[in-house]
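Trainee:
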Amino acid sequence: MRIDVVTIFPEYLAPLELSLAGRAREKGLVDIRVHDLRGWTHDRHRTVDDTPYGGGAGMVMKPEPWGEAFDELLAEGPATVVFTTPSGRPFTQAVARDLATRERIVFACGRYEGIDQRVVDEVATRAEVCEVSLGDYVLNGGEVAALAITEAVVRLLPGFMGNAASLVEESHEDGLLEYPVFTKPASWRGHDVPPVLLSGDHAAIAAWRHDQAVRRTAQRRPDLVAASTLMDDVEIGPAE
Ligand code: SAM
């Protein structure tokens, strides 16, 4: 997979160059390229923003540098363009799975009051466009969203995780939150690991984990319960 990130703060994406991208690059799974939007400006001040039509607070990202950025990047081949915006589709594990099937993603990181809407509309005429929100809160810029989405997507690429089974069991993969996990020692500061996990009885362990996942989901994320078909066989009560 190739990932391009367009931003006015390329250094913000440094973590991608280090750990995650390093590991995925070593494996030849991903090619990540970070671009400075100001490279597509032509004035002395490398201006990327201007005042909003209609008035109001803040500045809006100008269409011209974005247009030139997409002219150049999309000329290199087709891509799914992800505009990070609080008005977008909420980012979920399902969206991550979907994006992980793409050959190439280009992230457009907004700043100020966002990007001139015509950029999104124009790019949609020549590429698949996905407007994605990291959550119902407002960040200063799209870089953190691009980082989070990239990390969630890249770890789903076949061959990235040593143990593919650990992906399947994770929170949100089956519509449930993950069951609680424990490691050695069996007793720590008066807190014991649930005895079933020490039993060696794989069927009992699987049943306990499923039960815990259902209880945890019902208690912490009742909004997920209705959507899950895995809740049927467990009566929800207090967690054990
Ligand atoms: N005025 C915009 C609004 O109310 O929707 C918010 C602009 S925000 C200060 C600047 C940029 O940060 C946005 O263009 C977007 O790229 C990014 N951003 C902020 N919150 C985000 C979120 N929840 N998810 C994804 N991107 C976000």
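Mapping to UniProt numbering: the sequence shown position 86 is 86, numbers consecutive.
Even glycine gets a Cβ: it sits at the ideal position worked out from N, Cα and C.
What you are looking at is a predicted structure, and each value in this text was computed from that prediction instead of being measured.
1) When the Cα atoms are used, what is the spatial distance from ALA207 to LEU156?
2) Judging by CA-CA distance, which residue of LEU198, TRP188, ARG189 and GLY175 is the nearest neighbour of ARG215?
3) Thinking just about the alpha-carbon of each residue, which of PRO180, ILE3, ALA124 and LEU16 is nearest to the one in VAL144?
4) Could you name the residues of the same chain whose beta carbon sits closer than 8 Å to that of ALA148, not counting the 5 residues immediately before and after it, in chain order?
5) Does DSSP classify LEU13 as helix, strand or coil?
6) So what's SER171 in DSSP terms, helix, strand or just coil?
7) Mind listing which residues have their beta carbon within less than 5 Å of any non-hydrogen atom of ligand 1? Chain order is fine.
8) Would you tell me roughly how many angstroms separate the C-alpha atoms of ALA69 and PRO52, rounded to the nearest one?
9) Considering only C-alpha positions, which residue in the set GLU178, ARG33, VAL60 and GLN212 is nearest to LEU141?
10) What does the Cβ neighbour count give for GLY54, buried or exposed, with the cut at 16 atoms within 10 Å?
11) Could you name the residues of the same chain whose beta carbon sits closer than 7 Å to that of THR159, not counting the 5 residues immediately before and after it, in chain order?
12) Tell me the start and end of each unbroken alpha helix (DSSP H) in the region 37 to 88 that is at least 4 residues and wholly inside, in chain order.
13) Pairing CB atoms from the region 68 to 85 with CB atoms from the region 43 to 50, are three or more of them under 8 Å?
14) Using the C-alpha atoms, what's the distance from VAL168 back to ALA213?
15) Between PHE83 and ALA146, is the Cβ-Cβ spacing less than 8 Å?
16) Whole angstroms is fine: what's the gap from SER199's alpha carbon to PRO222's?
17) Straight-line CA distance for PRO137 to GLU113?
18) For ALA108, does the three-state DSSP call read helix, strand or coil?
19) Less than 8 Å separating the beta-carbons of ALA14 and VAL154?
20) Taking DSSP as the reference, what is the three-state secondary structure of ARG216?
21) Considering only the beta carbon of each residue, do PRO10 and ASP36 sit closer than 8 Å?
Mentor: The structure says:
1) 26 Å
2) GLY175
3) LEU16
4) PHE91 and LEU134
5) helix
6) coil
7) THR84, THR85, PRO86, GLY110, GLU113, GLY114, SER133, LEU134, VAL138, LEU139, GLY141, GLY142 and ALA145
8) 21 Å
9) The sequence given here has Gly at residue 141, not Leu. Out of GLU178, ARG33, VAL60 and GLN212, VAL60 has the C-alpha closest to the C-alpha of GLY141.
10) exposed
11) It should be noted that the sequence gives Gly, not Thr, for residue 159. These residues qualify, in order along the chain: LYS27 and LEU29.
12) 63 to 75
13) no
14) 14 Å
15) no
16) 31 Å
17) Note that residue 137 is Tyr in the sequence shown here, rather than Pro. Whole-angstrom Cα-Cα distance: 14 Å.
18) strand
19) no
20) helix
21) yes
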